[in-house]
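Peer 1:
Numbering (my numbering), first residue to last: 5 to 497.
1. Going straight from the alpha carbon of residue 175 to that of residue 126, what length do you get?
2. Hey, out of 374, 452, 439 and 68, whose CA is closest to residue 220's CA?
3. Tell me the rounded alpha-carbon separation between residue 381 and residue 146.
4. Rounded C-beta distance between residue 238 and residue 356? I'm assuming under 8 Å.
5. Does the Cβ of residue 67 lie closer than 7 Å to at least one heavy atom of the ligand GTP?
6. So, are the CB atoms of residue 337 and residue 282 less than 8 Å apart?
7. Within 10 angstroms of the Cβ of residue 2, are there 16 or more other Cβ atoms? Answer buried if so, exposed if not.
8. Is it right to say residue 468 is buried, meaning 16 or more other beta carbons lie within 10 angstroms of its own, or is it exposed?
9. Which same chain residues end up closer than 7 Å to residue 477 when comparing Cβ atoms and leaving out the 5 residues on each side of it in sequence?
10. Rounded to the nearest angstrom, what separates residue 458 and residue 142 at their Cα positions?
11. Check whether the Cβ of residue 13 lies closer than 8 Å to any Cβ atom in chain C.
12. For residue 313, tell me which candidate among 180, 335, 24 and 324 has the shortest Cα-Cα distance.
13. Leaving out five residues on either side along the sequence, give the residues of the same chain with a beta carbon under 7 Å from the beta carbon of residue 216.
14. Report the CB separation of residue 404 from residue 368 in whole angstroms; it is logged as a contact under 8 Å.
15. Compute the Euclidean distance between the alpha carbons of residue 129 and residue 388, then round it to the nearest angstrom.
16. Assign residue 435 to buried or exposed, taking buried as 16 or more other Cβ atoms, counted over all protein chains shown, within 10 Å of its Cβ.
17. Should residue 488 and residue 449 be called a contact, given that it needs their Cβ atoms to be closer than 8 Å?
18. Using a Cβ-Cβ cut-off of 8 Å (strictly less than) and excluding sequence neighbours within five positions of residue 491, which residues of its own chain qualify?
19. In terms of residues, what are the limits of the beta strand (DSSP E) holding residue 189?
20. Can you tell me the Cβ-Cβ gap for residue 354 and residue 243, rounded? I've got them flagged as a contact below 8 Å.
21. Report the CB separation of residue 442 from residue 371 in whole angstroms; it is logged as a contact under 8 Å.
22. Taking just the CA atoms, how far does residue 246 sit from residue 252?
23. Please name the residue or residues paired with residue 97 in a DSSP beta bridge.
24. For residue 159, which option in 170, 26 and 191 has the closest C-alpha, if you only look at C-alpha atoms?
25. Can the beta-carbon of residue 241 be found less than 8 Å from the beta-carbon of residue 352?
26. Kindly list the residues whose CB is nearer than 7 Å to the CB of residue 10, restricted to its own chain and excluding five residues on each side of it in sequence; keep chain order.
27. Give me the residue from 484, 408, 447 and 456 with the minimum Cα distance to residue 429.
28. Kindly provide the ranges of any alpha helix (DSSP H) runs that are 4 or more residues long and lie completely inside the segment 251-319, ordered along the chain.
29. For residue 358, which of 264, 304, 402 and 309 has the nearest alpha-carbon?
30. Whole-angstrom Cβ separation of residue 140 and residue 101, contact assumed at under 8 Å?
31. How many whole angstroms separate the CB atoms of residue 290 and residue 302, which I take to be in contact at a CB cut-off of 8 Å?
32. Let me check understanding here. Comparing Cα to Cα, which of 379, 475, 446 and 419 lies closest to residue 438?
33. State the DSSP-derived secondary structure class of residue 332, mapped to helix, strand or coil.
34. Have a look at 105, 14, 8 and 104 and flag the residue whose alpha-carbon is nearest the alpha-carbon of residue 69.
35. From residue 6 to residue 28, what distance separates their C-alpha atoms?
36. Would you tell me roughly how many angstroms separate the C-alpha atoms of residue 255 and residue 279, rounded to the nearest one?
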């Protein structure tokens, strides 16, 4: 018998190896058990020739050795952990966690505080909150003690998946928003900040007075009708859309629904769309009537105009003025310009575009109608595809992940318009466009990490922005502002 640890010859009566001193008491059970398990083998071996007996003896010795090693391995894993290779190990994924604080009465993310965090996809909000607090306290000594809550980016407390009753897990949230784990950012906030916050929804920094909505419709012109300009305009728009170009994006909703054949739609009448000053003043007078007597008096003063439009009537209630205004708008935009609209539709029949509009009106609305699409940090983040130049787990990848957090905080900062630099300026610097086209940008914009330049580099030919690898967020913001503001996009704006 041999020691399984050092290979020295030992006897089964000894409990320890005389050379290495290891415990070999388990060999006694093997020595006593193996002969009893094979009583027929010995009898069979005595009847075989000497050569066969020698081969069989080698097989038996191997079986003994395998049994010994099996028992030995079991002693190394007393808790059954030797079967762990058959158990599926939970994969760790990386998300980002930041901090929200009350600023100007509202909950807002703190710049430069987003940190990467390794989590398991099945973690609940409680497990994720505990890990996020631990991570933030390790890097931020000024994080206040006390109760904290886990928040979505719109400052709502995390309990369920938004819009459902499904309890939150990291994997379920990832599937709900359709983003990879690396682009998920959640926040922690103290109980005091939540209680003192005046707003927990999505903020909007748009100023209605500064937004110009361009809603146009066709008006009849005799010279344009003779030169077939309405027909040519429709054909040019159809050709542009089919070949991936831009659509007009300025038609009024009323005109578009008439072109696509949509019926029974409740379109809000916008008096400001009327370009004629006299007609607009008459409708404003009718719409401002507060009593039935005032309404009837206004109708009498503008009866000739309403009679021309075919909507002269005396309603029984004040609310009837809305029907008069809507009918007048329908006449002003559609019926009095019937010839121009019909020739425009004939032009849209080029390449069968008009039939596509009629069948898929909601899809083409973004190409044809006027709309105010405000550029947000989330939209701009989705547009750019991150290109990492290092392998996962490397120190460079860790540094790139940190700078990527700076980039996201930078976009949030510019969305709030605290400085003269806007999100449209960042898009212009990278792609030469200040708005996103409805069909998207081709090729897709790329976000690249630049290690040698202090300032960002924009390549509008390839839709690429290279951001600097700054050590702090303040330095990153200063370098980005300086680089973009001093590169006015080849004189495009």
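Glycine included, every Cβ here is placed at the ideal spot set by N, Cα and C. If you're wondering where the values come from, they're calculated on a predicted model, not measured in any experiment.
Peer 2: Looking at the atomic coordinates:
1. Within the chain shown, numbered from 1, the residue matching residue 175 stands at position 171. Within the chain shown, numbered from 1, the residue matching residue 126 stands at position 122. Taking the straight line joining both Cα atoms gives about 6 Å.
2. As a first step, residue 220 must be located in the chain shown, where it is residue number 216. Ranking 374, 452, 439 and 68 by Cα distance to residue 220 puts 374 first.
3. For the purposes of this step, residue 381 is identified with residue 377 of the chain shown, where counting begins at 1. For the purposes of this step, residue 146 is identified with residue 142 of the chain shown, where counting begins at 1. Cα to Cα, the separation comes out at about 27 Å.
4. For the purposes of this step, residue 238 is taken as the residue at position 234 of the chain shown. For the purposes of this step, residue 356 is taken as the residue at position 352 of the chain shown. Between residue 356 and residue 238 the Cβ distance is about 13 Å, and since that is not below 8 Å, they are no contact.
5. This structure simply doesn't include the ligand GTP, nor any ligand for that matter.
6. Position 333 of the chain shown holds residue 337. Position 278 of the chain shown holds residue 282. Contact: no.
7. Only positions 5 to 497 of the chain appear in the structure, and residue 2 is not among them; the question remains open.
8. Within the chain shown, the letter at position 464 stands for residue 468. By the 10 Å Cβ count, residue 468 comes out buried.
9. One-based indexing of the chain shown puts residue 477 at position 473. The answer, listed in chain order, is 115, 116, 410 and 413.
10. For the purposes of this step, residue 458 is taken as the residue at position 454 of the chain shown. For the purposes of this step, residue 142 is taken as the residue at position 138 of the chain shown. Answer to the nearest angstrom: the Cα atoms are 29 Å apart.
11. Any reference to chain C falls outside this structure, which holds one protein chain only.
12. Position 309 of the chain shown holds residue 313. For residue 313, the nearest C-alpha among the options comes from 335.
13. Translated into the one-based positions of the chain shown, residue 216 becomes position 212. Caution is warranted here: a pLDDT of 41 is assigned to residue 216, below 50, making its placement in the model unreliable, and no coordinate value can be reported.
14. Position 400 of the chain shown, counted from the first residue, corresponds to residue 404. Position 364 of the chain shown, counted from the first residue, corresponds to residue 368. Actually they are not in contact, since the Cβ atoms of residue 404 and residue 368 sit about 40 Å apart, beyond 8 Å.
15. Counting from one through the chain shown, the residue named residue 129 turns up at place 125. Counting from one through the chain shown, the residue named residue 388 turns up at place 384. Spanning the two alpha carbons is a distance of roughly 29 Å.
16. Translated into positions along the chain shown, residue 435 becomes position 431. Answer is buried; the Cβ neighbour count reaches 16.
17. Numbered from its first residue, the chain shown carries residue 488 at position 484. Numbered from its first residue, the chain shown carries residue 449 at position 445. Their beta carbons are not under 8 Å apart, which means residue 488 does not touch residue 449 by this criterion.
18. Counting from 1 along the chain shown, the entry for residue 491 is found at position 487. Cβ within range, chain order: 433 and 462.
19. Here residue 189 is taken as the residue at index 185 of the chain shown, counted from 1. Residues 189-194.
20. As a working mapping, residue 354 is identified with position 350 in the chain shown. As a working mapping, residue 243 is identified with position 239 in the chain shown. Right, their Cβ atoms sit about 6 Å apart.
21. Indexing the chain shown from 1 puts residue 442 at position 438. Indexing the chain shown from 1 puts residue 371 at position 367. That pair is a contact at about 5 Å.
22. Your numbering for residue 252 matches position 248 in the chain shown. Your numbering for residue 246 matches position 242 in the chain shown. Rounded to the nearest angstrom, the two C-alpha atoms are 13 Å apart.
23. Against the chain shown, residue 97 aligns to sequence position 93. 123.
24. On the chain shown, position 155 is the one that residue 159 refers to. Nearest option by C-alpha distance: 191.
25. Taking the first residue of the chain shown as 1, we reach residue 241 at position 237. Taking the first residue of the chain shown as 1, we reach residue 352 at position 348. Contact flag set, yes.
26. By one-based count along the chain shown, residue 10 stands at place 6. Closer than 7 Å at the Cβ level, and outside the excluded window around residue 10, lie 21, 23 and 24.
27. Position 425 of the chain shown holds residue 429. The option with the nearest alpha carbon to residue 429 is 484.
28. 257-264, 281-291, 296-305 and 307-313
29. For this step, residue 358 is matched to residue 354 along the chain shown. Of 264, 304, 402 and 309, the residue nearest in Cα terms is 264.
30. The residue given as residue 140 occupies position 136 in the chain shown. The residue given as residue 101 occupies position 97 in the chain shown. So it is a contact: roughly 7 Å between Cβ atoms.
31. Translated into positions along the chain shown, residue 290 becomes position 286. Translated into positions along the chain shown, residue 302 becomes position 298. Going by Cβ atoms, the distance from residue 290 to residue 302 rounds to 5 Å, so yes, they are a contact pair.
32. Working through the chain shown from its first residue, we reach residue 438 at position 434. When only C-alpha atoms are compared, the closest one is 379.
33. Position 328 of the chain shown, counted from the start, is the residue given in the question as residue 332. In the structure shown, residue 332 sits in a helix (DSSP, three-state: H, G or I).
34. Position 65 of the chain shown, counted from the first residue, corresponds to residue 69. Closest option to residue 69, Cα to Cα, is 8.
35. Looking up residue 6 in the chain shown gives position 2. Looking up residue 28 in the chain shown gives position 24. Between residue 6 and residue 28, the C-alpha separation is close to 10 Å.
36. The residue labelled residue 255 in the question sits at position 251 within the chain shown. The residue labelled residue 279 in the question sits at position 275 within the chain shown. Their Cα atoms are separated by approximately 15 Å.
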